[in-house]
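Protein chains in written order, with the working numbering: chain A, 3 to 258; chain D, 26 to 215.
Working notes, beginning with the structure itself.
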Amino acid sequence: MNDHDDLFSLDLGAYVLDALEPSERVSFESHLRNCAKCQAEVAELLPVVDLLPLAVDAVEPPQELKARLMSAIADDRSEKPALVPLTGGAPPRRSRPLLSRGEALLGLVAAVIIAALGIWNHQLQNQIDSQKQSIAYQQDVNRAILSGASVAQLAATSAGSAAQATMVQPKDGGSPYLLVGNLPAAPNNKVYELWYIRGATPHAVKVFHYSGSSPSIVPIAQPIASHTVAAITIEPGPQGSKAPTTKPIVAGKLNA
Amino acid sequence: MVLDQASDEALIAAIQGRDVVALELLYERHRVLAYSLALRSLASESDAEDVVQEAFLNVWRAALTYRPERSTARSWILSIVHHRAIDKLRGRKSRVQPVALEEGMNVPDSADVWREVANNLNGEDVRLALQTLPVEQRQTIELAYFQGYTQTQISEMMDVPLGTVKGRMRIGLHKLKTLLEGSTQELAID
């Protein structure tokens, strides 16, 4: 093992304990991809780290936690829940010419509930679609990893955004490509644009469209080279921009 | 197969098929360890509850990413709990799980052996092994794993050179491995 390898192997314990600073982690993982000796030691020590939780004194969680979890799971299920109709059928119309104030109020409440259920149902369906996309997207990412490709995740820049993007550099040195899923809808006459960034200078890489219905693979002709960051913005279509005009929707470090 | 007699791995396979009962059973089996781990790291009951809920929701959503040949289901679940707890401690929104980067690695033949070792160990074995470590090594490992401190932060807190912290972590983990392997050998003799 040379000095370079020795330097990295010192960080091995901290790596498996997740105690490296982010920059140290990126550097170590870059080394790890090509160092069989460090890979073997990481694989040897990770199971030891996995056993550390057993050393913790056992504490029973509150029973309500299970109810909360199962409720969250129910919200997340891919089956469309049956909405219970508010009435057994259409109410008889105008059985009386005027509704009492209480009936009118009830009617208003019912209308609000129906509207809210409709919105909720729509949101639920969107959520389900988003979940399906996430799974399909993750499968694409896993396939890339299993093929030995180098991957770099671009994280959503807005809290609550489900946008997913990963830059993939195939192991054989072929052209990189971009995996995207759950990107926010681009407004009319707008397109998505991928940027490579080195220092503070963004370089336009690729303009692409995204239907929003399923994860997409975007082939990239331009090699990642020495660029350190990638980002995606929404730009005026159809040409895109020479420099970003909007805040990135996803961004992330590229592996060295 | 009756679900409540199924292995954890079989339950995760059922969860991949969107079986809620399987998720419920998996939660029942690992709730105490998951909650205890989160509570130990976060020292807040409400935060620990949030983390456990998020972790099992993650299990539900990402069951397809579980790789039984890489780790036991228990290790996978606790790893999710741990990372979420540490992320909360560090105030980070999200990050790439280290598991993803291990996918392409070579796994030595000892992996199966260690799975057997891990299955035969209990909390007392791990506690005893940790207590047997030199105190500096144990504290360093615990500060990193349970409290989420980085090696640089630990170096400053313990007022020792960074290289010393690196050494304590790596050597301590190797010693721990040897001690735990010894525990299972004693079990086999008994």
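Glycine included, each C-beta is placed from N, C-alpha and C at the ideal position.
(message) Output needed for residue 44(A): all residues of its chain with C-beta closer than 8 angstroms, excluding positions within five of it in sequence on either side, in chain order.
(response) 14, 17, 18 and 34
(request) Less than 8 angstroms between the CB atoms is what I'm expecting for residue 169(D) and residue 204(D), so what's the real figure, rounded? (result) Not a contact, Cβ separation roughly 18 angstroms.
(request) For chain D, find out if any of its Cβ atoms is closer than 9 angstroms to the Cβ of residue 136(A); answer yes or no. (result) yes
(request) Please report how far the alpha carbon of residue 61(D) lies from the alpha carbon of residue 54(D), in whole angstroms. (result) 13 angstroms
(message) Between the alpha carbons of residue 175(D) and residue 191(D), how many angstroms are there, rounded?
(response) 10 angstroms
(message) Output needed in chain order: residues of the segment 32 to 43 of chain D with a Cβ under 9 angstroms from some Cβ in chain A.
(response) 43
(message) So, at 6 angstroms on beta carbons, what are the nonlocal neighbours of residue 233(A) in its own chain, with the 5 sequence-adjacent residues on each side left out?
(response) 197, 250 and 253
(message) So residue 202(D) and residue 158(D) are supposed to be a Cβ contact under 8 angstroms. How far apart are they, rounded?
(response) The pair is not a contact, with the Cβ atoms about 11 angstroms apart (cut-off 8 angstroms).
(message) Looking at chain D, is there any beta carbon in it that lies within less than 9 angstroms of the beta carbon of residue 176(A)?
(response) no
(request) Report back the beta-carbon spacing between residue 222(A) and residue 177(A) to the nearest angstrom; my notes put them in contact at under 8 angstroms. (result) 6 angstroms
(message) Going by DSSP in three states, residue 148(D) sits in which element: helix, strand or coil?
(response) helix
(request) Compare the C-beta of residue 157(D) with all C-beta atoms of chain A and state if any pair is closer than 9 angstroms. (result) no
(request) Please compile the residues from chain A whose C-beta is within a distance smaller than 9 angstroms of the C-beta of residue 113(D). (result) Going along chain A, no residue has its Cβ under 9 angstroms from residue 113(D), so there is no contact; the nearest lies around 13 angstroms.
(request) Determine the DSSP secondary structure at residue 58(A), reduced to helix, strand or coil. (result) coil
(message) With DSSP as the reference, identify every bridge partner of residue 196(A), one or two as the case may be.
(response) 208(A) and 234(A)
(message) If you measure between the beta carbons of residue 106(D) and residue 80(D), is that distance less than 9 angstroms?
(response) yes
(request) Report yes or no: is there a C-beta of chain D within less than 9 angstroms of the C-beta of residue 240(A)? (result) no
(message) Cutting at 6 angstroms between CB atoms, please list the residues of its own chain near residue 239(A), excluding the five before and the five after it.
(response) 191, 192 and 193
(request) Could you pull out every residue in the same chain whose Cβ sits closer than 6 angstroms to the Cβ of residue 172(A), ignoring the five residues on either side in sequence? (result) 151
(message) Taking 6 angstroms as the limit between beta carbons, can you name the residues of its chain near residue 66(D), skipping five residues before and five after?
(response) 110 and 171
(message) For residue 126(D) and residue 30(A), I'd like the C-alpha separation in whole angstroms.
(response) Here residue 126(D) scores only 35 on pLDDT, less than 50, and its place in the model should not be relied on; the value that follows carries that caveat. Going from the Cα of residue 126(D) to the Cα of residue 30(A) covers about 11 angstroms.
(message) For a minimum of 4 consecutive residues, which ranges assigned as the alpha helix (DSSP H) are wholly contained in the segment 23 to 59 of chain A?
(response) 24 to 34 and 38 to 53
(request) Answer with buried or exposed for residue 69(D), where buried requires no fewer than 16 other C-beta atoms within 10 angstroms of its C-beta. (result) exposed
(request) Find the residues of chain A that neighbour residue 49(D), judging by a C-beta separation of less than 9 angstroms, and give them in chain order. (result) 68, 71, 72 and 75
(request) Please confirm whether residue 211(A) and residue 188(A) have their CB atoms less than 9 angstroms apart. (result) yes
(message) I want to verify the contact list: residues of chain D whose CB lies under 8 angstroms from the CB of residue 140(A), in sequence order.
(response) 87, 89 and 90
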